[in-house]
Structure formats: structure tokens, C-alpha cells
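Asks: Numbering (the numbering used here), first residue to last: 1 to 392.
Glycine included, C-beta positions come from ideal geometry on N, C-alpha and C.
This one's a predicted model, so the numbers in the text were calculated from it and none came from an experiment.
Attaching a single structure in C-alpha cells format; questions to follow.
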Ligand code: PLP
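Okay, structure coming up:
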């Protein structure tokens with residue numbers, strides 16, 4: 001018998017993919033230059049040349065050696081490269097024994113949630129949030145508890161989080177720089193969160209793990225991104241090189257269990273167990289090897305910074321309201337009607353593809369991914385104008 005839940009998940013592709021597929025169809029029908037696809041977060045800049053150089057070098061190795069299985073958490077040398085990188089950048093005491101390489105941040109998140117929850121537990125997410133958090137927490141049998149971010153500044157709402165935490169709370173997922181808002185949680189905000197979690201851990205008598213989802217860590221426009229593990233001991237970092245090195249399809253990332261954690265060794269063993277139970281073992285080996293040598297490559301954010309400026313200047317001129325993004329490559333724009341899905345449909349009629357807030361557990365906004373060409377942004381002006389005129 002087919003599992004009904006899996007059937008539902010598989011037969012209803014997520015809205016963003018559907019919108020993206022719609023964009024591809026429209027481009028084929030009316031020409032690429034006439035479709036303004038702000039739907040998906042696929043990096044628009046190429047991976048650094050050192051990635052190609054490394055792949056070419058690797059291809060010289062005997063294939064049976066190059067393509068061989070690694071140990072489940074990955075090659076020790078690649079895990080050590082991650083630990084060294086974290087130590088150099090954030091002054092932490094990381095060793096390879098706390099790093100588990102994964103097929104992207106998605107696998108890292110699934111592993112982390114499975115490692116530290118039981119069915120029936122609650123996992124708090126801060127809305128708006130990356131929609132897959134709901135799928136992954138519910139897949140682990142947990143309840144995904146949505147707590148809205150502070151609407152005034154899109155920071156974590158510490159009072160609302162205090163009210164949401166109870167003895168069933170096993171974990172909280174945060175994501176900064178944020179998809180879909182582009183906000184970065186400030187040091188003060190993270191400090192306040194850490195203080196709250198410490199207080200609540202004492203109150204409920206068990207750990208409340210902070211799962212810090214950080215695929216956009218390097219994509220910032222000047223603002224500092226506090227390294228969460230330096231603020232709260234029970235932190236598990238989930239990372240991906242999908243965005244920072246423009247390698248989304250190569251599926252490479254990691255879980256890092258903070259060395260400050262009291263039960264770090266046990267949590268790491270559970271991470272390994274979850275990797276085994278979920279089948280997320282031996283991350284793609286070519287890219288483990290690529291990461292080993294390319295981990296310190298700087299992320300080039302110039303193109304995204306330019307796009308951010310282009311798009312926000314244009315929307316300023318047209319009178320749209322949005323949240324000024326400090327990081328990632330998304331713009332959170334106020335819909336011109338309460339029903340963000342209807343607004344997204346109205347935009348679609350002008351070949352302007354915007355993701356409604358409903359996809360992120362929120363209402364009344366849309367997300368525009370500006371990791372696209374500047375020409376597309378410029379050419380989209382007429383669509384934004386026409387959309388505005390619809391609501392005049
Ligand atoms: N977390 C967030 C916030 C994301 O935006 C994404 C991808 O867009 C992921 C996780 C998944 O990353 P990956 O492609 O490495 O699995």
C-alpha cells in the first residue's frame with residue numbers, strides 16, 4: 001500500500017518548483033527575455049575557477065580510488081578542513097570528530113532533527129521560514145511550531161519564543177542570513193535567544209537544541225553574522241556550499257556539533273546514527289575532495305549586491321514596500337493585497353514570478369529571488385509597473 005503522506009508530498013510538487021516549471025514553460029513559449037523569474041534561489045554566479053581546477057586534478061586519479069566509498073561521515077581530511085576553517089574564522093575548538101559531511105544543508109537538517117528528537121516532540125521555527133522545515137520536522141514525527149518573527153524588524157521575537165517553549169520543545173531552527181526575508185539576526189538578538197534557551201533548559205530540565213541553518217552565512221552586504229555556536233552551547237550548525245560556492249546541484253554540506261555542548265560526543269553519535277538510519281552516508285565524494293581545497297575561497301557577493309541595489313532602487317521608484325535585506329539574495333516585498341497567493345497570480349499574469357508568503361508560513365508578502373541577471377531585473381520594470389497599476 002502506498003504511504004499516503006509520501007504520496008501527498010510526491011504528487012504535490014512544492015509551490016516554488018511549480019512556479020519555476022511554469023517559468024520554464026513560459027520562456028519556451030514567449031522567449032526568455034519576456035519572463036521575469038524571481039522564483040528560485042539558484043545562484044547566478046559561477047563557482048570559483050579553483051573548483052574546476054580541482055575537479056580536473058581529481059580526474060587524473062585512478063577512478064576506482066577516486067569514486068570509492070568514504071566512511072559514513074566523510075573523509076577525515078575533508079572533515080578536518082571544515083574544522084580548521086571554523087576554528088580559524090570563529091575561534092572555536094572544532095575537530096574533525098564533530099563534523100559530519102552531508103548531501104547539502106537539507107540532509108544536514110534531516111539528520112540533525114532526527115538525531116535529537118522523538119516523535120511527539122515540538123520543534124520551533126521562526127516564520128517566515130524555509131518551507132522544508134515543516135516537512136523534515138513532521139517526517140520525524142514532531143510538531144512544527146511556527147512562531148512569527150518580530151514584524152517591526154524581522155528579528156527573533158524573544159517574548160513570543162518564551163511563550164512557545166514548553167517541556168515538549170526539543171529544538172528550535174533558526175536561519176540567518178534568512179530565506180525568505182534576507183534579514184540577519186543581530187548579536188543582541190542571538191544573545192537574547194541564548195539567554196532564553198539557557199533559562200528554559202533549566203526550567204524544562206532537558207536540552208533544547210538550537211539548529212542553526214546557515215547556507216547563506218557568507219552572503220552578506222556588510223552586516224556581521226554572529227556564529228551561533230559561540231553564543232549557545234547546545235548548537236548544531238547545518239551548512240551547505242550550495243550558495244557560497246555556487247554548487248547547489250553537487251549536494252555538499254555538513255553538520256557541526258558544537259564542542260561546547262555538554263553531551264557533544266553522544267549527540268555526534270546520534271548524528272551518525274541518524275545519517276545511517278536516513279541513508280545520508282558518504283556525501284558525494286568528488287565534492288568532499290573539492291571542499292578540502294576550496295573551502296577558503298571567498299564568496300563573491302558583488303553581483304548580488306548590484307542586483308539588490310538595482311531591484312530596490314526600482315521598487316522605491318515604483319512605490320513598493322519591502323524589507324531592506326542585509327544578506328542572502330531574497331527580497332521580501334509587501335503584497336498589494338492581503339491575499340499573497342492572489343497577488344502572486346496577478347504578478348504571474350505579467351510574467352513576473354514571485355513566491356507568495358504562504359509558502360513560508362506567513363501572509364501578505366511575496367519573495368523575489370534576485371540571484372538572476374541584472375538584465376532580467378531591468379527588463380522586469382514594465383511588469384512591476386503593470387502589477388502596481390492593477391491595484392491603483
Ligand atoms: N536552508 C535554507 C534556508 C535554504 O534556503 C536552502 C536552499 O535553498 C536549504 C536549507 C537547502 O540547502 P541545500 O540545497 O544545500 O540542501
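In whole angstroms, what separates the C-alpha of residue 334 from that of residue 321?
Replies: The straight-line gap from Cα to Cα measures roughly 5 Å.
Asks: So, at 7 Å on beta carbons, what are the nonlocal neighbours of residue 137 in its own chain, with the 5 sequence-adjacent residues on each side left out?
Replies: Only 113, 123, 144 meet the Cβ criterion.
Asks: Which residue spans inside the region 347-389 form an unbroken beta strand (DSSP E) run of at least 3?
Replies: Listed in chain order, they are 365-369.
Asks: Contact between the region 338-355 and the region 22-40 is defined here as three or more beta-carbon pairs at a separation below 8 Å; is this criterion met?
Replies: Enough Cβ pairs lie closer than 8 Å, so yes.
Asks: For residue 80 and residue 34, I'd like the C-alpha separation in whole angstroms.
Replies: The alpha-carbon atoms of residue 80 and residue 34 are separated by roughly 47 Å.
Asks: In angstroms, rounded to a whole number, what distance separates the CA positions of residue 167 and residue 183?
Replies: Straight-line Cα distance between these residues: approximately 29 Å.
Asks: Cβ atoms of residue 147 and residue 164: under 8 Å apart, would you say?
Replies: Cβ atoms of residue 164 and residue 147: closer than 8 Å.
Asks: So, with DSSP's three-state summary, where would you put residue 246?
Replies: Residue 246: coil per DSSP, three-state reduction.
Asks: Which residue comes first and which comes last in the alpha helix (DSSP H) that contains residue 104?
Replies: Its alpha helix (DSSP H) spans residues 104-116.
Asks: When you compare each of 111, 135, 141 to residue 119 by their alpha carbons, which one comes out closest?
Replies: Closest by alpha carbon: 141.
Asks: Measuring CB to CB, does residue 318 end up less than 8 Å from residue 243?
Replies: No, the Cβ-Cβ distance between residue 318 and residue 243 is not below 8 Å.
Asks: From this set, 236, 7, 291, which residue's C-alpha is nearest residue 214's C-alpha?
Replies: The candidate whose alpha carbon is nearest that of residue 214 is 236.
Asks: Quick one, are the C-beta atoms of residue 256 and residue 86 less than 8 Å apart?
Replies: Going by C-beta atoms, residue 256 is nearer than 8 Å to residue 86.
Asks: Cutting at 7 Å between CB atoms, please list the residues of its own chain near residue 383, excluding the five before and the five after it.
Replies: These residues qualify, in order along the chain: 36, 350, 351, 352.
Asks: Counting C-beta neighbours from all protein chains within 10 Å, is the total for residue 187 16 or more, i.e. buried, or is it exposed?
Replies: Its Cβ having fewer than 16 others within 10 Å, residue 187 is exposed.
Asks: Output the residues surrounding the ligand PLP, defined as those with a CB atom closer than 6 Å to any ligand heavy atom, in chain order.
Replies: Matched residues: 41, 104, 105, 106, 130, 175, 179, 213, 215, 240, 242, 248, 253.
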